[in-house]
Each structure stands twice: as C-alpha cells, then as structure tokens.
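Input: a single structure, listed below in structure tokens.
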Amino acid sequence: IHSNMASIIQKSLASKTLTSIASSRSNLTTKILQNTTTKTKLFPSIFINSRNHQTSTNTNPRDIDIHFTIPTGEKVSVKAAEGESILELAHRNAESSGIELEGACEGVCACSTCHVILEDKIYDLESLEEPSEDEEDMLDMAFGLTTTSRLGCQVKITKEMQDAVFKLPSATRNFYVDGHVPKPH
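Here the working numbering runs 591 ahead of the position in the sequence shown, where the first position is 1.
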C-alpha cells in the first residue's frame, strides 16, 4: 500500500511540476513578445541579428553597384546598400535578376549554401572582416572552395566594394534537404 501511495504522490507532484513549468514558459514567452518591439528599437543588434541572423533593417540608400556571375556564366548587376550582407542582397534581387543564393540556415553561419567567391581585391580589403572560425568550418563543406571563398551571410557590403564581382559556384551542398530553397522572411 505504501509503495502505491508513494507512486501516486510522485505522479501527482510530477504533473504539478510539469504544469508549473509549462505555465512559466508560456508567461515568459508572452513577456518576451510584449517587450521585443521596444527592445529591438533600443538594442537592434541583440534582438534582430542575434547569432548573425540576417533580418535586414538596413535603411541606407542602395547606391553601390555590385555584380554577380551566376553559374551559367551570365553577369547580373544590382544596386546594394552599405551594411547589407551579400546574402540579403541576393535574396532581395532573386526574383528580378535570377540570382540564386540559397542560405539554407537563413544567415546564421550554420551551413555553406551561401558560398560566394570574391575577387582578390575585394577579399583583401582592409575593411572586410576576417572569416571567423565558425565561417571557416562551414566553408570546409562548401562546393568549389577557393582561396577567396566566403559565406555571403557573413560579408557586409561597403562603399569600397563598388563594382565588385561575386561569383556563385556551380553547385551547393545542402545537408539539410537537397533541393529545399528557403524563402527569406
């Protein structure tokens, strides 16, 4: 009888604990959602681009000429804004220009599907940050890796990149789902 009572008490306590945790989690989620709008205005880099996520809020003028060489060999020219990533630029112009730069992880440096090849002069720009260790790890999985390869989600457009040419490799390696192309938010 005592073991049955102990089992019933344990199950009851476990049920109450799980209900309490679920309720606390729900309350926390509600509070976060209520405060997100205010906090993104105060701390945009923390809440909008956390973990390098590429949700663009760039309001700079689109006055930098950038060129992509797509896998067919065709050169496509677009206008970029200073501070946007190559991935954001490609996604913004995907439908109108035929630039297909996947970005399966949506810009959080967790895949190599936004692999681009930079010109030597662009790769060597002092204003271009060095690739992080995470980016180098992802690039190790990229198709057609070169000495000037970078992930498009990690390279921000600068004025010094005027008339830069970014080459898209002829294929990508998507370990998530082959053929799945996520749409930008």
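Cβ coordinates follow ideal geometry from the N, Cα and C atoms, glycine included.
Pull up the distance between the alpha-carbon of S718 and that of I655, whole angstroms please.
-> Mapped onto the sequence shown, residue 718 falls at position 127. Mapped onto the sequence shown, residue 655 falls at position 64. The alpha-carbon atoms of S718 and I655 are separated by roughly 16 Å.
Does the distance from the CB of G735 to the CB of L678 come in under 8 Å?
-> Working through the sequence shown from its first residue, we reach residue 735 at position 144. Working through the sequence shown from its first residue, we reach residue 678 at position 87. Against a cut-off of 8 Å, the Cβ pair of L678 and G735 comes out as no contact.
Could you give the distance in angstroms between the alpha-carbon of N765 and the alpha-carbon of K747?
-> Locating residue 765 in the sequence shown gives position 174, counting from the first residue. Locating residue 747 in the sequence shown gives position 156, counting from the first residue. Taking the straight line joining both Cα atoms gives about 23 Å.
From this set, I713, T763, D728, which residue's C-alpha is nearest Q753's C-alpha?
-> Counting from 1 along the sequence shown, the entry for residue 753 is found at position 162. Nearest of I713, T763, D728 to Q753, Cα basis: I713.
With DSSP collapsed to three states, give me the class of L680.
-> The count along the sequence shown starts at 1 and reaches residue 680 at position 89. It is helical.
Beta-carbon contacts of E673 that lie in its chain and below 7 Å, excluding the five residues immediately before and after | By 1-based counting over the sequence shown, the position of residue 673 is 82. Only N651, I655, I748, T749, K750 meet the Cβ criterion.
On a CA-only basis, which of T739, I657, A762, I661 is nearest D711? Give me that one, please.
-> Position 120 of the sequence shown, counted from the first residue, corresponds to residue 711. Measuring from the Cα of D711, the nearest candidate turns out to be T739.
Where does the unbroken beta strand (DSSP E) through K758 begin, and where does it stop?
-> Residue 758 sits at position 167 when you count from the first residue of the sequence shown. Note, K758: beta strand (DSSP E), 755-758.
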